[in-house]
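Following: one structure in structure tokens, then a few remarks.
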Amino acid sequence: MRILLAGGGTAGHTSPLLATADALRRLDPTVEIVCLGTPRGLENQVVPAAGYPLEHIPPVPLPRSLSGELVRVPGRLRAAIKEAAAVLDRVRPDVLVGYGGYVSMPAYVAARRRRLPVVVHEQNALPGLANRAGARLASRVAVSFPDTPLPRAEYVGLPIRRMISTLDRAAVRDEARAFFGLDPDRPTLLVTGGSQGARNLNNAVSGASQPLADAGVQVLHVVGPQGEASPVASGVPYVVVNFVDRMDLAYAAADVALCRAGAMTCAELATVGLPALYVPLPIGNGEQRLNALPVVDAGGGLLVDDASLDGERVVHVLAPLLLDAEQRREMETAAASHGQRDADERLRALVLDAVESAGAAPVRGGSR
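Here our numbering = 1-based position in the sequence shown + 193.
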């Protein structure tokens, strides 16, 4: 069996793609998996590093406003569809699984023209343009949030890395804090703006470093590749790093997180039961706020607008929470109630069912 997984550009697309690929391989190591991306996205680093072959098609950005770029879209889309069709003819997959973004729209159209079954997975609570169109062509439509407005949507959750989905935070807390040079006993705030960082979060928490230290709160601050923070020196640890490739240990070290509300962040924090103050990205179509609302409404997180976030708000909201172990435990339980530790396997089952429904031989079982 051959499976083509299409998605790229950001970790929001590539992470669930790779989690699905790994789940398929765990079940049957003989499954042939090929990934489809563009020459410029994050997939060019993470997909080969994970051991999967990567094919390319040109990206087709869809402008959100009237501009000269809009008139170029039809020609670019036709060219990308032609390239996607060539990949399909070369790879000859039994199913196409698309995760949205620039690469998926041409792939959906090309697959439909070749009568290839299509499975769409949407990461955000508010779907993007590619997946809104792809859902109309798909055999099956999987979503990460229960109320995602797509036709025939099936709630499976958001596939995440096994290092996160199998994490026992309490069991590795001491190891995690030692890994980052943190005090083993102090309440700990994790700050992360995602893979690219977030300037407003960095500035707000850096500006709150003295009152946080006065309250006995230590900070693990992931500022992003180009980010920075200038905390006031004190006897309380404030660890600044540009990037973390062991987010499992970052989550285990923390008692509370301050973060954006990308779908992957929301899914991972809920899965590991880590309470958070979510600060949705102030641009886009509002999907980050919608991503955070289910866990916030359940009591597993808090929400504040980016424009309202400053050092004073950080201290006012987070210091009491970090010092209240009972409230944190209640929030941990509420957050974990929204986690989906087996979303990768649920999506895998849906993909394989789509293949079997189309008449292909079923995949043979293996270890989970």
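Using N, Cα and C, we set each Cβ at its ideal position, and we do this for glycine too.
Where the beta strand (DSSP E) through residue i begins and ends
i      : result
HIS314 : 311–315
ARG195 : 195–199
GLU334 : Sequence inspection shows Val at residue 334; the Glu mentioned does not correspond to that position. Note, VAL334: beta strand (DSSP E), 333–336.
GLU421 : Run containing GLU421: none; DSSP gives neither H nor E here.
THR385 : 381–385
GLY479 : Run containing GLY479: none; DSSP gives neither H nor E here.
LEU247 : 247–249
Nearest-angstrom beta carbon gap, residue j and residue i [assumed within contact, 8 Å]
i      : j      : result
PHE373 : ALA446 : 6 Å
ALA335 : LEU483 : Contact flag wrong, Cβ pair sits at about 17 Å.
ILE196 : ASP287 : 7 Å
GLN316 : GLY205 : 6 Å
THR203 : VAL296 : Actually they are not in contact, since the Cβ atoms of THR203 and VAL296 sit about 11 Å apart, beyond 8 Å.
ASP448 : THR381 : 5 Å
Span separating the alpha-carbon of residue i from that of residue j
i      : j      : result
TYR245 : ARG354 : 15 Å
LEU229 : PRO241 : 12 Å
PRO555 : GLU549 : Confidence in PRO555 is poor, its pLDDT being 49 and thus under 50, which makes the residue's placement too unreliable to answer from.
GLY400 : LEU502 : 11 Å
PRO607 : SER332 : With the chain covering 194 to 561 only, the question about residue 607 has no answer from this structure.
GLY200 : MET298 : 10 Å
ALA408 : GLY493 : 23 Å
ALA326 : PRO404 : 49 Å
ALA273 : PRO513 : 53 Å
ARG329 : HIS509 : 46 Å
ARG265 : LYS275 : 16 Å
ASP441 : PRO267 : 43 Å
ALA397 : ARG366 : 26 Å
THR223 : LEU217 : 9 Å
When the options are compared against residue i, the one with the closest alpha-carbon
i      : options                           : result
LEU322 : SER423, ASN435 and GLY293         : GLY293
GLY428 : ARG325, ARG379, MET524 and ARG453 : ARG379
GLU421 : GLY386, GLY409 and ASP441         : GLY386
ASN435 : VAL510, VAL416 and LEU330         : VAL416
LEU462 : GLU525, LEU217, ASP438 and ALA303 : GLU525
GLY552 : LEU515, GLN419 and ARG308         : ARG308
GLU278 : ARG285, VAL266, ILE226 and ALA303 : Checking the sequence shown, residue 278 turns out to be Ala, not Glu. For ALA278, the nearest C-alpha among the options comes from ALA303.
PRO418 : ASN395, PRO424, VAL425 and ALA426 : ASN395
LEU451 : SER423, ALA406 and ALA391         : ALA391
GLY234 : ILE226, GLU248 and THR223         : GLU248
Close Cβ partners of residue i (< 8 Å) along its chain, the five nearest in sequence each way excluded
i      : result
VAL489 : TYR471, LEU495 and LEU496
THR213 : LEU198, VAL290, HIS314, PRO352, ASP537, LEU540, ARG541 and VAL544
PRO475 : ASP498, ASP499 and ALA500
ALA491 : ALA527, ALA528, SER530 and HIS531
Cβ neighbours of residue i in the same chain (closer than 6 Å, five flanking residues each side left out)
i      : result
ARG269 : VAL253
GLY477 : none
PRO430 : LEU375, ASP376 and GLN411
ALA243 : LEU211
ALA460 : LEU351 and ILE353
VAL507 : ALA397, VAL398 and ALA401
Limits of the unbroken alpha helix (DSSP H) element including residue i
i      : result
GLU519 : 518–529
VAL290 : Looking at the DSSP string, VAL290 is not in any alpha helix (DSSP H); the run it does join, the beta strand (DSSP E), is 288–291.
ILE226 : Counting along the chain, ILE226 falls outside any alpha helix (DSSP H), though it belongs to the beta strand (DSSP E) covering 225–230.
TYR471 : Not the alpha helix (DSSP H): TYR471 falls in the beta strand (DSSP E), residues 469–471.
7 Å Cβ shell around residue i - same chain, five flanking residues per side excluded
i      : result
PRO487 : PHE338 and HIS531
GLU480 : ASN317, ALA318 and LEU319
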